[in-house]
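Contents: one structure, followed by commentary.
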Amino acid sequence: MGLTNSSTGSRLLIDDLTFLKDNCDYVIALAGNPNVGKSTIFNSLTGMHQHTGNWPGKTVSNATGNCIYQDADFLFVDIPGTYSIMSNSEEEEIARDYICFGNPDCTVIVVDATCLERNLNLVFQTMEITNNIVVCVNLLDEAKKKKISIDLEKLSDELGVPVVGTTARKKKTLNTLIDTIHQVVTSKIKPSPKKVVYDKAIEDGINKLQNILKVEFSLSSDLSRWIALKIIDGEEKILQSIEKNLAIDLLNNEALQNIKDVVRNDFSKNNINENNFRDLIVSNIMHKSETICGKVCHFEDENYSKRDRKIDKILTSKTLGIPIMILFLGIIFWLTIVGANYPSEALFSLFSWLQEKLFLLADFLHCPGWLSSMLISGVYQTLTWIISVMLPPMAIFFPLFTILEDLGYLPRIAFNLDGFFKKCCCTR
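Pasting the structure below:
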């Protein structure tokens, strides 16, 4: 059967899931790190250049789109790009809440073929929440340029979920992806994620809490395991979100609190506390990711990233990182402010010349003075002044920042500023 598509930008509430499912056959969440081509895949599948709205009460954008495949109506939800769902930012909270409580029929996680190890972090975190996962390894063309090959079949075996390789800009490569999604939602393929096994003390604690959660709240094994992890982690916002969306009372359940105290006592004997628990979780995930990548990734040039690492040492160093960042940003702002003066003056002169011609035209047509004044001195002059002032700096600033993003410098800026933002309590 053929693939057809249509879409509309929309404002999406998790509570709207019943409505969405009443108006389509399957809801598919599209997740992934920023800059992995997720939105390009979304646009290709739904036949749209992304139309965005805002999540209610949030500044983070969303997009939805439909496509028809084998007579089934799929609604794709392009959730915010994020590196993690451990609730460190607004984007991560939205992504986490939708994957966990939005209950999509399938979650497609888009990963970058050129840096698979880093991207698998999100895959393993999502596996803690849901089994219905398809991993989409995108940017295979970029990986080929860097002489990186990935054994997709072996990666699927290692993860326990379907893995599909794509090049987002080539629509024909997405046929396998939509077919795999269709097989997952129709239960022709049943993913069985091979989740990360944590240190023994942590696993024992998870099992104790998980057993209580199953008994007290009748939760599934997957959801109870994830909630047990969050209870141990102690992140209040996540726990509040769980209570709100699942209508359960975790904080006042006596049996659960008693087991929680036992688990914390066991942890203290193993030198595990609230300060290092999350680090232990992340290190286990990264070790698993590293092990898998060692099995499935093959590099013709083992030193393909040597140049990037040398650049990183300079651009993110404690000595030169900040001065170089200030220099780059200073140059961009100088070019934007000073450079914009010349096209602004040119545009202003052009529009002024046209304004004189419009007045002459109005006189020739015997247009009433009040009408020509309103249209030319009012509407036209105001509009052209705004264009003359705003267009040149925007036309300079945004392309320059796009170049920095394409060169990979913006993540390095974020790395340089991370410590300062933490000291200012701007991150959690």
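Numbering (this note's numbering), first residue to last: 1230 to 1657. For glycine and all other residues, C-beta sits at the position ideal for the given N, C-alpha and C. Quantities reported herein were computed from a predicted structural model and do not represent experimental measurements.
Where do the ends of the alpha helix (DSSP H) carrying residue i lie?
{"i": "Cys-1674", "result": "Beyond the ends of the chain as shown, which are 1230 and 1657, falls residue 1674; an answer cannot be given."}
{"i": "Ala-1430", "result": "1429-1446"}
{"i": "Ala-1258", "result": "Here Ala-1258 belongs to no alpha helix (DSSP H); instead the beta strand (DSSP E) covers 1255-1261."}
{"i": "Ile-1407", "result": "1404-1414"}
{"i": "Ser-1601", "result": "1598-1601"}
{"i": "Met-1356", "result": "1345-1356"}
{"i": "Thr-1269", "result": "1267-1275"}
{"i": "Ile-1543", "result": "1535-1544"}
In whole angstroms, give me the CA-to-CA distance for residue i and residue j.
{"i": "Trp-1284", "j": "Lys-1498", "result": "Confidence at Trp-1284 is low in this model, with a pLDDT of 48, below 50, so its placement is unreliable and the value that follows should be read with caution. Approximately 43 Å between the Cα atoms of the pair."}
{"i": "Val-1339", "j": "Phe-1305", "result": "13 Å"}
{"i": "Ile-1270", "j": "Asp-1508", "result": "33 Å"}
{"i": "Ile-1431", "j": "Gly-1550", "result": "38 Å"}
{"i": "Phe-1644", "j": "Tyr-1427", "result": "28 Å"}
{"i": "Thr-1611", "j": "Cys-1653", "result": "41 Å"}
{"i": "Ile-1377", "j": "Val-1265", "result": "16 Å"}
{"i": "Thr-1631", "j": "Tyr-1638", "result": "10 Å"}
{"i": "Gly-1463", "j": "Arg-1347", "result": "25 Å"}
{"i": "Ser-1606", "j": "Leu-1594", "result": "17 Å"}
{"i": "Leu-1646", "j": "Cys-1596", "result": "59 Å"}
{"i": "Glu-1519", "j": "Pro-1552", "result": "33 Å"}
{"i": "Lys-1342", "j": "Thr-1311", "result": "Checking the displayed sequence, the identity of residue 1342 turns out to be Ala instead of Lys. Roughly 16 Å separates the two Cα atoms."}
{"i": "Leu-1369", "j": "Ile-1407", "result": "17 Å"}
{"i": "Arg-1454", "j": "Arg-1536", "result": "42 Å"}
{"i": "Pro-1572", "j": "Met-1619", "result": "11 Å"}
{"i": "Lys-1517", "j": "Asn-1262", "result": "18 Å"}
{"i": "Gln-1439", "j": "Phe-1303", "result": "34 Å"}
{"i": "Phe-1506", "j": "Gly-1434", "result": "12 Å"}
{"i": "Cys-1365", "j": "Lys-1466", "result": "30 Å"}
{"i": "Asn-1494", "j": "Asn-1500", "result": "10 Å"}
{"i": "Gly-1648", "j": "Ile-1561", "result": "23 Å"}
{"i": "Glu-1634", "j": "Leu-1448", "result": "43 Å"}
{"i": "Phe-1650", "j": "Tyr-1298", "result": "46 Å"}
{"i": "Gln-1279", "j": "Pro-1309", "result": "Residue confidence is low: Gln-1279 scores 45 on pLDDT, short of 50, so the model does not pin down where it sits. No coordinate-derived value is stated."}
{"i": "Leu-1636", "j": "Phe-1528", "result": "22 Å"}
{"i": "Leu-1583", "j": "Val-1608", "result": "14 Å"}
{"i": "Lys-1267", "j": "Gly-1389", "result": "22 Å"}
{"i": "Asn-1367", "j": "Ala-1476", "result": "37 Å"}
{"i": "Met-1315", "j": "Asn-1504", "result": "15 Å"}
{"i": "Lys-1333", "j": "Leu-1458", "result": "For clarity, residue 1333 is Pro in the given sequence; the question names Lys instead. Each residue's Cα considered, the two are about 22 Å apart."}
{"i": "Ser-1313", "j": "Ile-1555", "result": "28 Å"}
{"i": "Lys-1687", "j": "Val-1352", "result": "Because the chain spans 1230 through 1657 in this model, residue 1687 falls outside it and cannot be assessed."}
Helix, strand or coil, according to DSSP, for residue i in the structure here?
{"i": "Gly-1568", "result": "helix"}
{"i": "His-1527", "result": "strand"}
{"i": "Asn-1505", "result": "coil"}
{"i": "Ala-1643", "result": "helix"}
{"i": "Gly-1294", "result": "strand"}
{"i": "Gly-1607", "result": "helix"}
{"i": "Val-1336", "result": "The question names Val, but residue 1336 in the sequence shown is Thr. Strand, per DSSP."}
{"i": "Ile-1471", "result": "helix"}
{"i": "Gly-1310", "result": "coil"}
{"i": "Ser-1449", "result": "coil"}
{"i": "Ser-1378", "result": "strand"}
{"i": "Asp-1495", "result": "helix"}
{"i": "Asp-1478", "result": "coil"}
Whole-angstrom Cβ separation of residue i and residue j, contact assumed at under 8 Å?
{"i": "Ile-1514", "j": "Asn-1350", "result": "6 Å"}
{"i": "Ile-1418", "j": "Thr-1409", "result": "7 Å"}
{"i": "Val-1413", "j": "Pro-1420", "result": "7 Å"}
{"i": "Ile-1521", "j": "Glu-1382", "result": "Contact doesn't hold; Cβ gap of about 13 Å is too wide."}
Can you find the residues in the same chain that come closer than 8 Å, C-beta to C-beta, to residue i, ignoring five residues on each side of it along the sequence?
{"i": "Thr-1565", "result": "Pro-1622, Ile-1625, Phe-1626, Leu-1629"}
{"i": "Leu-1479", "result": "Ile-1456, Ile-1460, Leu-1468, Ile-1471, Glu-1472, Leu-1485"}
{"i": "Asn-1502", "result": "Phe-1496"}
{"i": "Ser-1450", "result": "Gln-1439, Lys-1443"}
Near residue i, which residues of its chain fall below 7 Å by C-beta distance, leaving aside the five closest residues on each side in sequence?
{"i": "Ile-1441", "result": "Ala-1484, Leu-1485, Ile-1488"}
{"i": "Lys-1287", "result": "Reliability fails at Lys-1287, whose pLDDT of 49 lies under 50, so the model's placement of it is uncertain and no value is given."}
{"i": "Met-1356", "result": "Ile-1362, Pro-1422, Lys-1424"}
{"i": "Asn-1482", "result": "Glu-1445"}
{"i": "Thr-1336", "result": "Ala-1258, Ala-1260, Ile-1328, Thr-1355, Thr-1359, Asn-1361, Ile-1362"}
{"i": "Ser-1385", "result": "Pro-1391, Val-1392"}
{"i": "Val-1492", "result": "Gly-1434, Lys-1437, Leu-1438, Ile-1461"}
What first and last residue would you give for the beta strand (DSSP E) that runs through residue i?
{"i": "Val-1366", "result": "1362-1367"}
{"i": "Lys-1304", "result": "Strictly speaking, residue 1304 in this sequence is Leu, with Lys absent from that position. Residues 1301-1307."}
{"i": "Gly-1394", "result": "1392-1394"}
Grab me the residues of residue i's own chain with a C-beta within less than 6 Å of its C-beta, minus the 5 sequence neighbours each way, in chain order.
{"i": "Asp-1380", "result": "Val-1525"}
{"i": "Phe-1577", "result": "Ser-1617"}
{"i": "Asp-1580", "result": "According to the sequence as given, residue 1580 is Phe; it is not Asp. Hits under 6 Å: Thr-1613."}
{"i": "Arg-1641", "result": "Leu-1544, Thr-1545"}
{"i": "Ser-1601", "result": "Ala-1591"}
For a test of your reading of the model: does the CB of residue i fall under 6 Å from any non-hydrogen atom of the ligand FMN? Yes or no.
{"i": "Glu-1465", "result": "Only the bare structure without any ligand can be found here, which leaves the ligand FMN out of the picture."}
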